[in-house]
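Protein chains in written order, with the numbering used here: chain E, 12 to 136; chain W, 12 to 136.
Notes follow once the structure below has been shown.
Protein chains: 2
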Amino acid sequence: MINDISTDRFSNSNLMQSQGAFRALSDPTRRGILMLLSEQDMTIGDVSEHFDITRAAVKKHLNILEEGALISVHTSGRERINKLEPLGLKSAVDWLNYFNQFWDEKLTALQQAVENEQKNQKEGK
Amino acid sequence: MINDISTDRFSNSNLMQSQGAFRALSDPTRRGILMLLSEQDMTIGDVSEHFDITRAAVKKHLNILEEGALISVHTSGRERINKLEPLGLKSAVDWLNYFNQFWDEKLTALQQAVENEQKNQKEGK
DNA sequence: TTGACATAATACCAAAAGGTATCATATATG
DNA sequence: CATATATGATACCTTTTGGTATTATGTCAA
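Structure follows, in structure tokens:
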């Protein structure tokens, strides 16, 4: 009957803290932008060249990414440089990590796969 | 000019494979439902009691969660049991894990924090 | 100063999302 | 069988979203 999520041991704030990030991540174009920015900082012009939509549309996506703290923007002369802020993903990753325990109590193949991938990444391959 | 994401080393499929999951995760009510189902399997009726929206609305959320493969449903008599499918989160987690490398080349505080949390979870505390 | 360039902002539009109310269907059970 | 229960499906409504086109602003450079 009542929105009693707040009475759960999952403090509602967990849900809401990650909202900006999850919202930003829900659009494939925005995820594409994040991947682009992971390679190098870019102006809007640079980003726009990679998508078949107008600069205005790209700008809206960048705004939403910025609201979600997934990127930052700093001005340099007449250019504005968009920069990936990987730490902004933390709230979403934290939320998802809660479910690690259900991917198994006793280490499933999935959990091991994820861990191996992380290990491989760390080891540089 | 052209949507050249597909020419990137991030094969477009990565973006699209996780779309169902990211879409499902973008709504706070749906994330709340996932948390509920992490405690126990539930019928729609059960789930609905925890939210201040109609059953029809909850049903729509469950449909989207099912499309994203984040839950499964199986019929038992006149009831339909909704069950968390934690493995469905893998595509989203995989996508996010790509960014681990930017949370650091040399192990930042964030990466360590995430790893410690995982370790703690595994050790049961 | 005067263009060109880089970006921001605004108005507008169609489609998708999140809801409700209502109706339909299937299954327990007296 | 008849009825209550559990759920599904559909039509409809409002708001949000993703997009375009157009206009405004700020900065570099001759």
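All C-beta atoms, glycine included, are put in the ideal place defined by N, C-alpha and C.
Values in this document were obtained by computation on a predicted structure and should not be read as measured data.
Nonlocal neighbours in the same chain, by C-beta distance under 6 Å from Asp15(E), ignoring five residues either side: Counting from one through the first sequence, the residue named residue 15(E) turns up at place 4. Note that Asp15(E) has pLDDT 46, beneath the 50 cutoff, so the model's placement of it is unreliable and the number below is only indicative. If we look at Asp15(E) and ignore the five residues flanking it on each side, it has no Cβ neighbours.
Of the residues Gly99(W), Ser29(W), Lys71(W), Phe110(W), the one placed nearest Trp114(E), counting alpha carbons only: Counting from 1 along the first sequence, the entry for residue 114(E) is found at position 103. Looking at the Cα atoms, Gly99(W) is the closest of the given residues.
Residue burial classification, Lys101(W) (beta-carbon count within 10 angstroms, cutoff 16): Walking along the second sequence from the start, residue 101(W) turns up at place 90. Buried.
Alpha-carbon spacing of Phe89(W) relative to Gly56(W), whole angstroms: Residue mapping note: residue 89(W) aligns to position 78 of the second sequence, counting from 1. Residue mapping note: residue 56(W) aligns to position 45 of the second sequence, counting from 1. At residue 89(W) the sequence reads Arg, which differs from the Phe that was named. Near 12 Å, if we compare the C-alpha coordinates of Gly56(W) and Arg89(W).
Nearest to Ile44(E) (by Cα), restricted to the options Gln28(E), Gly31(E), Leu81(E): Residue mapping note: residue 44(E) aligns to position 33 of the first sequence, counting from 1. Distances from the CA of Ile44(E) to each of Gln28(E), Gly31(E), Leu81(E) were compared; the closest alpha carbon is that of Leu81(E).
Residues that Met137(W) contacts on chain E, provided the C-beta gap is smaller than 9 Å: A query on residue 137(W) cannot be resolved here, the shown segment of chain W reaching from 12 to 136 and no further.
The beta strand (DSSP E) enclosing Ala44(E), as first and last residue numbers: Within the first sequence, the letter at position 33 stands for residue 44(E). The amino acid occupying residue 44(E) in the given sequence is Ile; Ala does not appear at that position. Element bounds for Ile44(E): not the beta strand (DSSP E) but the alpha helix (DSSP H), 39-50.
Length-filtered (3 minimum) beta strand (DSSP E) runs lying within the stretch 86-110 of chain W: 90-95
Opposing strand residues paired with Ser83(W) [DSSP bridges]: What you label residue 83(W) is simply residue 72 of the second sequence in a count that begins at 1. Ser83(W) is bridged to Lys94(W).
Sequence-distant residues of the same chain with beta carbon closer than 7 Å to Gly31(E), five excluded per side: Residue 31(E) sits at position 20 when you count from the first residue of the first sequence. Closer than 7 Å at the Cβ level, and outside the excluded window around Gly31(E), lie Glu78, Gly79, Ala80.
Same chain, Cβ closer than 8 Å to Val84(W), neighbours up to 5 away in sequence not counted: If you number the second sequence from 1, residue 84(W) lands on position 73. The residues are Leu73, Glu77, Arg91, Ile92, Asn93, Lys94.
Buried versus exposed, by CB contacts within 10 Å (16 or more), Met27(E): Within the first sequence, the letter at position 16 stands for residue 27(E). Exposed, because fewer than 16 other Cβ atoms sit within 10 Å of the Cβ of Met27(E).
Interface residues of the stretch 45-69 of chain W facing chain E [CB-CB below 7 Å]: Met46, Ser49, Glu60, His61, Phe62, Asp63
Proximal residues to Met53(E) (C-beta, below 6 Å), its chain only, five neighbours per side dropped: Position 42 of the first sequence, counted from the first residue, corresponds to residue 53(E). The residues are Asn93.
Contact check, Ser37(E) vs Phe33(W), beta carbons under 8 Å: The residue labelled residue 37(E) in the question sits at position 26 within the first sequence. The residue labelled residue 33(W) in the question sits at position 22 within the second sequence. Closer than 8 Å, so yes.
Interfacial residues, the stretch 22-39 of chain W to chain E, with Cβ spacing under 7 Å: Leu26, Met27, Gln30, Phe33, Arg34, Leu36, Ser37, Pro39
Opposing strand residues paired with Met53(W) [DSSP bridges]: For this step, residue 53(W) is matched to residue 42 along the second sequence. DSSP lists Asn93(W) as partners of Met53(W).
CB of Phe62(E) within 8 Å of CB of Thr40(E), strictly: Position 51 of the first sequence holds residue 62(E). Position 29 of the first sequence holds residue 40(E). Yes, they are a contact pair.
is_contact[Val84(W), chain E] using C-beta, thresh 8 Å: One-based indexing of the second sequence puts residue 84(W) at position 73. Any Cβ of chain E closer than 8 Å to the Cβ of Val84(W) would place that residue at the interface, and such an atom is absent.
Near-chain E residues of the stretch 94-111 of chain W (beta-carbon distance less than 8 Å), N- to C-terminal order: Leu95, Pro97, Leu98, Leu100, Lys101, Ala103, Val104, Asp105, Trp106, Leu107, Asn108, Tyr109, Phe110, Asn111
Spatially closest choice to Met46(W) from Gln112(W), Pro97(W), Ile64(W), Arg66(W), by CA coordinates: Along the second sequence, read from residue 1 onward, the residue named residue 46(W) stands at position 35. Checked all of Gln112(W), Pro97(W), Ile64(W), Arg66(W); the closest Cα to Met46(W) is Pro97(W).
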